[in-house]
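Reading through the structure tokens given below for one structure.
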Amino acid sequence: MIRISPSILAADFANLKPDVDDVRAGGADWLHVDVMDGLFVPNISIGIPVVKSLRKATDMFLDVHLMIDRPHRYVGEFCDAGADMVVFHVEADQPQDLFAAIEEVKAKGKMVGLSVKPKTPAEVLVPYLPLLDMVLVMTVEPGFGGQRFMHDQLPKIKTIAGMIAAVKPECLLEVDGGIDPTTSPLVKEAGANVLVTGSAVFGKEDRAAAIDAIRKA
Ligand code: DX5
Ligand code: ZN
């Protein structure tokens, strides 16, 4: 089963509720929420208050992607704000704090994922994989929507899909960055089963058609 998780980074933040309702009606499975701190990535987006408001405004599954430094400081607050899945970066914290953050999210009864930037090798995930509900492979450098898909990430997606199959078959494999009807067949073929998509959905007039095209391509 393929899940489509539209990223609200490409939505109109002054029109967020109607935009969210539109992708929900258009068949989106999850909603991807990009949190950026201007430190881990060179951009600032949204944070805990917006997750809280979204939680009140929609019943969609909130897939919260933290692009923040030392995420262990904030994962609990994102869980309490209403995230269903909290994903943070393996590059953003020390191993002991990553393990602590993973445990904290699980103790809150939420799903937990780890993300790797394009230059980070698959092998760094090995110690964490048995604990994870999802791995997120970035297919652009995190920080901005609307970038070009990095084809050189496809072998890594395949490698991680193999690791997941061997160690934790129920662990999901998400990809994020430059996903559209042209690149979705490539990532699906490589083993991804959760597809984040920003501009290719919110940038289109007909969101239902855009979601459908990405799912079926
Ligand atoms: C980038 C974000 C992505 C971004 C994807 O740092 O993590 O979720 O919104 O946007 P598109 O699909 O436009 O590449
Ligand atoms: Zn993201």
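Numbering (this note's numbering), first residue to last: 998 to 1214. Ideal Cβ placement from N, Cα and C applies to all residues, glycine included. Since we're looking at a predicted model, the values are computed, not measured.
Cβ-Cβ distance between residue i and residue j below 8 Å
i: Met1135; j: Lys1114; result: yes
i: Cys1168; j: Leu1111; result: no
i: Lys1153; j: Ala1119; result: yes
i: Val1038; j: Leu1063; result: no
i: Val1172; j: Ala1197; result: no
i: Phe1146; j: Ile1176; result: yes
i: Ile999; j: Val1032; result: no
i: Val1132; j: Leu1192; result: no
i: Ala1025; j: Pro1068; result: no
i: Phe1199; j: Ala1007; result: yes
i: Ile1157; j: Ser1181; result: no
i: Met1160; j: Asp1130; result: no
i: Leu1059; j: Gly1035; result: no
Straight-line gap, residue i to residue j (C-alpha atoms, nearest Å)
i: Val1208; j: Thr1117; result: Reading off the sequence, residue 1208 comes out as Ile, not Val. So the alpha carbons of these two residues sit roughly 29 Å apart.
i: Phe1096; j: Leu1128; result: 9 Å
i: Val1061; j: Glu1088; result: 17 Å
i: Ser1002; j: Leu1028; result: 5 Å
i: Glu1186; j: Asp1203; result: 26 Å
i: Arg1052; j: Asp1077; result: 10 Å
i: Met1057; j: Asn1040; result: 26 Å
i: Val1048; j: Thr1179; result: 31 Å
i: Gly1143; j: Phe1075; result: 25 Å
Coil, strand or helix - residue i by DSSP
i: Thr1156; result: helix
i: Arg1000; result: strand
i: Glu1120; result: helix
i: Gly1073; result: helix
Given residue i as reference, the closest of the options once Cα atoms are compared
i: Ile1005; options: Asp1016, Ile999, Met1131; result: Asp1016
i: Gln1150; options: Asp1034, Met1057, Gly1174, Arg1212; result: Gly1174
i: Ile1045; options: Arg1212, Val1072, Ala1214; result: Val1072
i: Val1137; options: Val1030, Val1048, Thr1194, Gly1035; result: Thr1194
i: Lys1155; options: Gly1143, Gln1144, Gly1106, Val1184; result: Val1184
beta-carbon residue i near the ligand ZN non-hydrogen atom, thresh 7 Å
i: His1086; result: no
i: Val1121; result: no
i: Val1134; result: no
i: Val1083; result: no
i: Asp1019; result: no
The ligand GDP heavy atom lying under 7 Å from the CB of residue i
i: Ser1004; result: With respect to the ligand GDP, the structure offers nothing, as its ligand set consists of the ligand DX5 and the ligand ZN.
heavy atom of the ligand DX5 below 7 Å from residue i C-beta
i: Ser1196; result: yes
i: Asp1203; result: no
i: Pro1015; result: no
i: Gly1175; result: yes
Residue-level contact to chain D via CB, residue i, 8 Å cutoff
i: Ala1089; result: The structure shown contains no chain D; it is built from a single protein chain.
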